[in-house]
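These notes concern the structure reproduced below.
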Amino acid sequence: MQSVFPLLSVINCRALPSDYKLPMIAWLLSHCNHVSTMDHKSISFAYYPLIISCFMSILTFASCSSGNNSRSMPLMTSAGNASLNRSSFPDGFVFGTMTLAVKHEGSSAQKADSIWDTYARIDGVVLDGTSPGDAGGEYSLYEEDIEYLAKMGVDAFRFSLAWTRILSDRSGTPNAEVVSHYNALIDKLIANGIEPHVTLWAEDHPQALEDAYGGLLSPVFIDDYVTYANVCFTEFGDRVKYWITFDEPNDYAGLAYASTQSPPGRCTPGLTRHGNCSQGNSSTEPYIAAHNILLAHAAAAKLYKTQFQATQEGYIGIALWFKWYEPLNVTNSSDIAAAKRAQDFFFGWFMDPLAFGDYPETMQIMLGPRLPTFTEEQARDLRHSFDFVGLNAITATYVTDSDLVQEAYEGYFEDMRVTVTPYRDGEVIGKGDNEFAVPWCMKKILDYMRDVYHNPPVYITELGWGISSTSDVTENLNDTERVEFFESYFTTVSQTISDGTSDVRGLFTWSLIDGFEFFLGSKVRFGLFYVDDEWRRYPRASAVWLQRFLTSSNTSSDNLFPTHSSSFSSSQYQQQLLDLN
530 MQSVFPLLSV INCRALPSDY KLPMIAWLLS HCNHVSTMDH KSISFAYYPL IISCFMSILT
590 FASCSSGNNS RSMPLMTSAG NASLNRSSFP DGFVFGTMTL AVKHEGSSAQ KADSIWDTYA
650 RIDGVVLDGT SPGDAGGEYS LYEEDIEYLA KMGVDAFRFS LAWTRILSDR SGTPNAEVVS
710 HYNALIDKLI ANGIEPHVTL WAEDHPQALE DAYGGLLSPV FIDDYVTYAN VCFTEFGDRV
770 KYWITFDEPN DYAGLAYAST QSPPGRCTPG LTRHGNCSQG NSSTEPYIAA HNILLAHAAA
830 AKLYKTQFQA TQEGYIGIAL WFKWYEPLNV TNSSDIAAAK RAQDFFFGWF MDPLAFGDYP
890 ETMQIMLGPR LPTFTEEQAR DLRHSFDFVG LNAITATYVT DSDLVQEAYE GYFEDMRVTV
950 TPYRDGEVIG KGDNEFAVPW CMKKILDYMR DVYHNPPVYI TELGWGISST SDVTENLNDT
1010 ERVEFFESYF TTVSQTISDG TSDVRGLFTW SLIDGFEFFL GSKVRFGLFY VDDEWRRYPR
1070 ASAVWLQRFL TSSNTSSDNL FPTHSSSFSS SQYQQQLLDL N
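Remember, the working numbering sits 529 above the position in the sequence shown when you count from 1.
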């Protein structure tokens, strides 16, 4: 029933640390009370299922908080698989890890506010009250981080530039000291044999653009974005050969303009299932924002391809979030159609314009005039405005046809007319406390790219496993579940490539270090390296595993490091990493 409130399919109760589940229940109670006390003379009977569904969602979170006795599918597909190593992949396959400026740079030096800097200051937005400035310390500690990258043996490092550092205003004149900083970072990566893959935007455009004209709701954003991209191509493109224009914009557009989970937190006032918004329109603004992002991507890609690519010899793409939607009942035509509809609204929303020049037919029919349209020139610029597609692909969910609640509302999450659930016949789709681990979804995702989008070059641009933060350093370092996650997903990707039908070029683990995980703050951690409050780095078991995977012929976890042991200290982990060559 978590899916009756579509946002709860995003804020899964398993993604929350245990000490935040009771506050989430209290939050649901307050919103359900608001719905149940509405003036029922002014609403139709279609709202009554909403009231019932609201309180059923509370029961779901309460059940999650008290534990779940349902059987779960095994996480591992190749536990202790001694045959899994770098040679399991083709020659030239790229292995890397990554960070994002808004999540990992920390430090407010030479930086204007991004939309997340501003939004995180609002009480209650971030569960633990942290902000981007508290995160990681990569801006000042990049040299140390590159040393660790080199010791792990990665081929590439994906990071993002901070728009708010490079351009402090809309003049187009870059900050020379910041440009020098990023030049030093890029040069040091290359000196260590590490290919830089650079992302331009990750939910962190300047707050000044929101204040000036409403940010992504205005086509003026496109010009400002192209100005920024031009600076980056000019200053860094002689050495950066891989560019990503936007990171997960398809996930962001719904969360930012049909909920309060991401800035600017706009949604239809009174539609409290997704947050208590004071302004916005959930039925139109997500589609307007997405439209402007797509046009900004196309404009930046056109600029790169016409003015820079021939001399710089690089490539440009985009990174989209891809969640696999599996029909709850694979023999039910309505569920099969619902799964395709969900895929169209979430992934096809962006990928179809990029591949074919227009939105999915499903969206055009269901949304009508609420969905913006492209001119012939815009469609032409969009088609194949990429050299590769990045897939941030981790998880899957079951989906079934539904119009129970959605009849009463128009809004992005309701427009899909689906219900999602992690359960089928009492079994959970995968294992985990954060996103569910579903290794088999990787093959389905890659096959989908082949069958629907004609098999473009693909990089898996984000693959990570979150663990709840704990004050016990040893527990923080012994992330054996993350090792199992990597083993199982790496195996599935290797097998899919071996089939010879998918053009997968590389894989980036999320993330190098712990950081600011947006509304979850620092309570869920994804780093190969644990970062303490003083920004000191401690390699986790997963860092050692990845290093062994990349530098030796045997990655059996039995031979890598001790399992959970209170006698194995953080200093021993560090020494083990440093000793390996």
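Just so you know, even glycine gets a beta-carbon here, dropped at the ideal spot from N, CA and C.
Report the residue from TYR754, GLN736, PRO748 and GLU764 whose alpha carbon sits nearest the alpha carbon of SER709.
Residue mapping note: residue 709 aligns to position 180 of the sequence shown, counting from 1. It is GLU764 whose Cα lies nearest to the Cα of SER709.
Distance CB(LEU1041)-CB(THR628) smaller than 8 angstroms:
Numbered from its first residue, the sequence shown carries residue 1041 at position 512. Numbered from its first residue, the sequence shown carries residue 628 at position 99. Yes, these two residues count as a Cβ contact at 8 angstroms.
Using only alpha-carbon positions, find the residue among TYR927, LEU832, THR789 and ALA685 that is nearest to ASP652.
In the sequence shown, counting from the first residue as 1, residue 652 sits at position 123. Ranking the options by Cα distance to ASP652, first place goes to THR789.
Check whether VAL1137 and GLU855 have beta carbons under 8 angstroms apart:
Because residue 1137 is not part of the residues shown, which for the chain are 530 to 1110, the question remains open.
Just checking, does the stretch 1070–1077 make contact with the stretch 656–673 on the three C-beta pairs under 8 angstroms criterion?
By the C-beta criterion, the stretch 1070–1077 is judged not to be in contact with the stretch 656–673, since fewer than 3 inter-stretch pairs fall below 8 angstroms.
N- and C-terminal bounds of the alpha helix (DSSP H) containing LYS834
Locating residue 834 in the sequence shown gives position 305, counting from the first residue. Here the alpha helix (DSSP H) through LYS834 covers 814–836.
Limits of the alpha helix (DSSP H) - the one that GLU667 falls within
The residue labelled residue 667 in the question sits at position 138 within the sequence shown. Run containing GLU667: 667–681, per the alpha helix (DSSP H) assignment.
Would you call HIS726 buried or exposed, if buried means 16 or more other Cβ atoms sit within 10 Å of its Cβ?
By one-based count along the sequence shown, residue 726 stands at place 197. In summary, HIS726 is buried, with 16 or more beta-carbon neighbours lying within 10 Å of its beta-carbon over all protein chains present.
In the DSSP assignment, the alpha helix (DSSP H) including THR1080 goes from what residue to what residue?
The sequence position of residue 1080 within the sequence shown is 551, counting from 1. Its alpha helix (DSSP H) spans residues 1070–1080.
Got a sec, what are the start and stop residues for the beta strand (DSSP E) THR924 sits in?
Translated into the one-based positions of the sequence shown, residue 924 becomes position 395. That run of the beta strand (DSSP E) goes 917–930.
GLU964 vs ILE923 beta-carbon contact at 8 angstroms:
Working through the sequence shown from its first residue, we reach residue 964 at position 435. Working through the sequence shown from its first residue, we reach residue 923 at position 394. Going by C-beta atoms, GLU964 is nearer than 8 angstroms to ILE923.
Backbone CA spacing between GLY744 and SER689 [nearest angstrom]:
As a working mapping, residue 744 is identified with position 215 in the sequence shown. As a working mapping, residue 689 is identified with position 160 in the sequence shown. Each residue's CA atom was taken as its position, placing GLY744 and SER689 some 20 angstroms apart.
Residue range of the beta strand (DSSP E) that LYS972 falls in?
The residue you call residue 972 lines up with position 443 of the sequence shown. LYS972 -> not in any beta strand (DSSP E); alpha helix (DSSP H) instead, spanning 969–982.
Does the Cβ of ALA867 have 16 or more other Cβ atoms within 10 Å, making it buried, or fewer, making it exposed?
Taking the first residue of the sequence shown as position 1, residue 867 is located at position 338. Buried is the call here.
For ARG694, tell me which candidate among PRO703, ALA825 and LEU857 has the shortest Cα-Cα distance.
By 1-based counting over the sequence shown, the position of residue 694 is 165. When only C-alpha atoms are compared, the closest one is PRO703.
Name the residue from PRO798, CYS806, LEU800 and GLY799 whose alpha carbon lies nearest to the alpha carbon of SER508.
Look at the range of the chain in this structure, 530 to 1110, and you will see that residue 508 is not part of it.
Classify VAL655 as helix, strand or coil using the three-state DSSP reduction.
Here residue 655 refers to the residue found at position 126 when the sequence shown is read from its first residue. Coil, per DSSP.
Using DSSP's beta-bridge definition, name the partner residues of GLY809.
Residue 809 sits at position 280 when you count from the first residue of the sequence shown. Residue pairing from DSSP leaves GLY809 without any beta-bridge partner.
Residues of its chain near THR728, where Cβ-Cβ distance is below 6 angstroms and the 5 sequence neighbours each way are ignored:
Reading the sequence shown from its first residue, position 199 is the one you call residue 728. Within the same chain, THR728 has close Cβ partners SER689, ILE773 and ASP776.
Once the 5 residues before and after THR1030 are set aside, which same chain residues still bring their CB inside 7 angstroms of it?
In the sequence shown, the residue the question calls residue 1030 occupies position 501. Contacts found: ARG979.
Give the range of the alpha helix (DSSP H) segment to which GLU1016 is assigned.
Stepping through the sequence shown from its first residue, residue 1016 is reached at position 487. Taken as a continuous stretch (DSSP letters only), the alpha helix (DSSP H) holding GLU1016 covers 1009–1027.
Where does HIS913 sit, in a helix, a strand or coil, going by DSSP?
Here the question's residue 913 lines up with position 384 in the sequence shown. Here HIS913 sits in coil by DSSP.
Just the C-alpha distance for ALA787 and LYS632, rounded to the nearest angstrom, thanks.
In the sequence shown, residue 787 corresponds to position 258, counting from 1. In the sequence shown, residue 632 corresponds to position 103, counting from 1. Distance between the alpha carbons of ALA787 and LYS632: 22 angstroms.
Member of GLN639, VAL707, THR626 and LYS852 whose CA lies at the smallest distance from the CA of ASP674
Counted from its first residue, the sequence shown places residue 674 at position 145. Sorting GLN639, VAL707, THR626 and LYS852 by C-alpha distance to the C-alpha of ASP674 places THR626 at the top.
Beta-carbon separation of SER1017 and ARG1054 under 8 angstroms?
Translated into the one-based positions of the sequence shown, residue 1017 becomes position 488. Translated into the one-based positions of the sequence shown, residue 1054 becomes position 525. Cβ atoms of SER1017 and ARG1054: not closer than 8 angstroms.
Strand pairing of PRO725, partner residues [DSSP]
Within the sequence shown, numbered from 1, the residue matching residue 725 stands at position 196. DSSP lists PHE686 as the bridge partner or partners of PRO725.
Name the residue from ARG650, SER697 and THR647 whose alpha carbon lies nearest to the alpha carbon of GLN639.
Locating residue 639 in the sequence shown gives position 110, counting from the first residue. The residue with the shortest Cα to Cα distance from GLN639 is SER697.
Nearest to GLU943 (by Cα), restricted to the options ALA685, ASN810 and SER643
Here residue 943 refers to the residue found at position 414 when the sequence shown is read from its first residue. Nearest C-alpha to GLU943 among ALA685, ASN810 and SER643: ASN810.
Around the Cβ of HIS983, are there at least 16 other Cβ atoms within 10 angstroms (buried) or fewer (exposed)?
Residue 983 sits at position 454 when you count from the first residue of the sequence shown. Its Cβ having fewer than 16 others within 10 Å, HIS983 is exposed.
Within its chain, find whatever has a CB closer than 6 angstroms to the CB of ASP646; leave out the 5 residues flanking it on each side and keep chain order.
Here the question's residue 646 lines up with position 117 in the sequence shown. Excluding five sequence positions before and after ASP646, the CB atoms of its chain that fall closer than 6 angstroms to its own CB belong to PRO661, given in chain order.
Please tell me whether LYS973 and THR926 are closer than 8 angstroms, where the distance is taken between their beta carbons.
As a working note, residue 973 is residue 444 in the sequence shown. As a working note, residue 926 is residue 397 in the sequence shown. Contact flag unset, no.
What residue range does the beta strand (DSSP E) around MET945 cover?
Walking along the sequence shown from the start, residue 945 turns up at place 416. Counting along the chain, MET945 falls outside any beta strand (DSSP E), and DSSP gives it neither H nor E.
Starting from TRP692, follow the alpha helix (DSSP H) in both directions and report where the run begins and ends.
Against the sequence shown, residue 692 aligns to sequence position 163. That run of the alpha helix (DSSP H) goes 692–695.
Note down the Cα distance separating VAL947 from VAL769, rounded to an integer number of angstroms.
In the sequence shown, residue 947 corresponds to position 418, counting from 1. In the sequence shown, residue 769 corresponds to position 240, counting from 1. Rounded to whole angstroms, the gap between the alpha carbons of VAL947 and VAL769 is 42 angstroms.
Cβ distance (whole Å) where GLU1004 is taken to contact PHE1037 below 8 angstroms
Sequence index remark: in the sequence shown, residue 1004 carries index 475 (1-based). Sequence index remark: in the sequence shown, residue 1037 carries index 508 (1-based). Not a contact, Cβ separation roughly 26 angstroms.
Nearest-angstrom Cα separation, counted from THR840 out to GLN736
Translated into the one-based positions of the sequence shown, residue 736 becomes position 207. Translated into the one-based positions of the sequence shown, residue 840 becomes position 311. When rounded, the distance between both Cα atoms is 34 angstroms.
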